[in-house]
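The structure appears right after this line, and notes come after that.
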Amino acid sequence: MAKIKTAFICQNCGTSHLKWQGQCTGCNAWGTLVEEIVSGATAKNSSPIALNTQSKPLPLTEIEATTESRIPTKDEEFNRVLGGGIVDGSVVLIGGEPGIGKSTLLLQLALQLGDKKILYVSGEESQNQVKLRASRLPFDNDQLFVASETNLEKVFNYFKEIQPEIVVIDSIQTVYTEALESAPGSVSQVRESASKLIRLAKDTHVPIFLVGHITKEGSLAGPKVLEHMVDAVLSFEGDRHNQYRIIRTNKNRFGATSELGIYHMTGQGLREVSNPSEIFLSGREEQFSGVAVGATLEGLRPLLIETQALVSNMAYGTAQRSSTGFDLRRLNMILAVLEKRCGFKMGIKDIFLNITGGLSVADPAMDLAIVVALVSSLHDVAVSPKAVFASEVGLAGELRPISRLEQRISEAEKLGFEEIFVYQKQLDGLEKNYSTIKLIGAQKLDEVFRNTFT
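Take the sequence shown: its letter number 349 is residue 441 in this note's numbering, and every next letter is one higher.
Here you go:
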């Protein structure tokens, strides 16, 4: 019998160590080393599903270019983040905090696809628990087969018996293969189980959805190579105390990244939000200082977002800087521009900035809205609730061009806004004429201030 050899594997990055130590030398994380068997295990190493090994290298000119076949779902938000639907043979990894609604999202998706035979494998819930959750959803599918199983070899047997068209594994951290003797959830188990499921999907052209746990830092648990192996990585975000959920594309081999889908969590499951700009706008009747509306893009979708700023006298020896939903370093840059180029004394003020709706934005086009909100709060002068701001701000206090300006203007016009402030020279290249919204061009910040606060 071969001698069993073990190693200490980091559960965060997968680095192997010969002996236990407190800190991983690969990622510098503490307390993440777990002893695992690396050789000598007596188990089956072959998958019950035969793989297609008939492929051979071909010249690029002889390879036929075919478009991937997609399965459209009844969920338009989910179709958006996947690039148009579920691609045959693709493997999609969905991560999110516990209790955020990952299982509900996939169960709802499976119930909506009533014309497809689906195998739903739950390693965390019993069949009765899945049934209770499904009974709260207003959908039904008599072709949905539910199994409570964590053994990967048994899952493959279910696959051979049922011959499903879509497979859901909830979650990949609970699944284990008999080919390894390490515990479920360990780096080696997650990597090997995912590898076999990916080979199964590619060989049978059946799409597979994997649910992944996340760490307290917000990244997907398990080896980083897992994200490289799959075809798409989706992040399901939101506050459990908030009714809205956001699904974001972090990686997609068959579509654009940074796409966004928004849902409203109700007692009957997740409801699509067709006009997400309404979430990020308060619909206020009264005018308050420190509030301005900016036009941003998430993927190809334009969104109008309300920014809130509070500028107050410094309460302690050092001025406070706090930002929610916006990069704090970019906020500091904007404050430096306001002080150096515009003469506003921001260095002796406490600054608090908030992007409403729980969304995090990195679009430079939000700069102008943030600048206006800061100046509005500093002087306690309200901004017109019918105005939108869309421009990047440079270090010299000048406005700079942004991408897809016409989409942002059309979104503002559709929602009933009366004027939008943009970079002057971009107005010359607009092909469409707008009748119900006024386009105000400017080249420097002082021009914007004169038109906004006078």
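For each residue, glycine too, the CB sits at the ideal point set by N, CA and C. These figures come from a predicted structure and were not determined experimentally.
Can you tell which of Val453, Leu402 and Val463 has its C-alpha closest to the C-alpha of methionine 425? Nearest of Val453, Leu402 and Val463 to methionine 425, Cα basis: Val463.
Distance check for isoleucine 354 and glutamine 200, CA to CA, integer angstroms please. C-alpha separation (whole angstroms): 15 Å.
Under the assumption that leucine 211 contacts phenylalanine 237 (Cβ atoms under 8 Å), give the Cβ distance between them as a whole number of angstroms. Indeed they touch by this definition, with Cβ atoms about 5 Å apart.
How is the beta strand (DSSP E) around valine 260 delimited, first residue to last? 258–262 is the span of the beta strand (DSSP E), which, as asked, contains valine 260.
For asparagine 446 and tyrosine 336, I'd like the C-alpha separation in whole angstroms. Answer to the nearest angstrom: the Cα atoms are 17 Å apart.
Out of Ser327, Asp323 and Ile290, which has the shortest C-alpha to C-alpha gap to histidine 305? When only C-alpha atoms are compared, the closest one is Ser327.
Tell me, to the nearest whole angstrom, how far the beta carbon of valine 429 is from that of valine 485; I am working on the premise that it is less than 8 Å. Cβ-Cβ separation between valine 429 and valine 485: approximately 6 Å, consistent with a contact (criterion under 8 Å).
In three-state DSSP terms, what is valine 279? Helix at valine 279.
Grab me the residues of glutamine 281's own chain with a C-beta within less than 8 Å of its C-beta, minus the 5 sequence neighbours each way, in chain order. Closer than 8 Å at the Cβ level, and outside the excluded window around glutamine 281, lie Val267, Tyr268, Thr269, Leu272, Ser274 and Ala275.
Is it the case that the segment 413–422 contacts the segment 469–486, given that we only count it when at least three CB pairs across the two stretches are under 8 Å? In short, these stretches do not touch, since the Cβ pair count stays below three.
Is it the case that the Cβ atoms of glutamate 398 and alanine 384 are separated by a distance below 9 Å? Cβ atoms of glutamate 398 and alanine 384: closer than 9 Å.
Could you check which residue in Gln518, Thr528 and Arg496 has the C-alpha nearest to that of phenylalanine 509? When each option's Cα is compared against that of phenylalanine 509, the closest is Thr528.
From this set, Val317, Leu229 and Gly181, which residue's C-alpha is nearest valine 259's C-alpha? Minimum Cα distance to valine 259 is reached at Gly181.
Spatial neighbours of leucine 197 within its chain, please: CB distance less than 7 Å, with the 5 preceding and 5 following residues excluded, ordered by chain position. Cβ neighbours of leucine 197 beyond the five flanking positions: Phe328 and Leu362.
What beta strand (DSSP E) runs, 3 residues minimum, are completely inside the segment 380–451? Here the runs fully enclosed are 383–390, 393–405, 413–416 and 441–447.
Continuous beta strand (DSSP E) assignments of at least 3 residues falling wholly in the segment 208–260: Within the segment 208–260, complete beta strand (DSSP E) segments of at least 3 residues are found at 210–214 and 236–240, given in chain order.
Within 10 Å of its beta-carbon, does asparagine 367 have 16 or more other beta-carbons around it, so buried, or fewer, so exposed? Exposed.
Status (buried if at least 16 other CB within 10 Å, exposed otherwise) for leucine 389: Answer is buried; the Cβ neighbour count reaches 16.
Of all the options Asp331, Cys116, Val453 and Gly449, which has the alpha carbon lying nearest to the alpha carbon of glycine 193? Of the candidates Asp331, Cys116, Val453 and Gly449, Asp331 places its Cα closest to the Cα of glycine 193.
Could you spell out the range, first to last residue, of the beta strand (DSSP E) harbouring threonine 349? Note, threonine 349: premise wrong, no beta strand (DSSP E); not H, not E.
Give me whichever residues DSSP pairs with glutamine 115 in a beta bridge. For glutamine 115, which the question treats as bridged, DSSP gives the partners Trp122.
For proline 164, which residues of its own chain have a beta-carbon under 7 Å away from its beta-carbon, when the five flanking residues on both sides are left out? These residues qualify, in order along the chain: Asn171 and Gly177.
In terms of alpha-carbon separation, which member of Glu364, Leu522, Leu427 and Val213 lies closest to leucine 195? In the sequence as presented, leucine is not what sits at residue 195; that position holds serine. Closest in C-alpha terms to serine 195, from the list Glu364, Leu522, Leu427 and Val213, comes Val213.
Residue span of the alpha helix (DSSP H) that contains threonine 196, given as start and end: For threonine 196, the uninterrupted alpha helix (DSSP H) run begins and ends at 194–204, by DSSP.
For aspartate 232 and methionine 357, the rounded distance between their alpha carbons: The straight-line gap from Cα to Cα measures roughly 19 Å.
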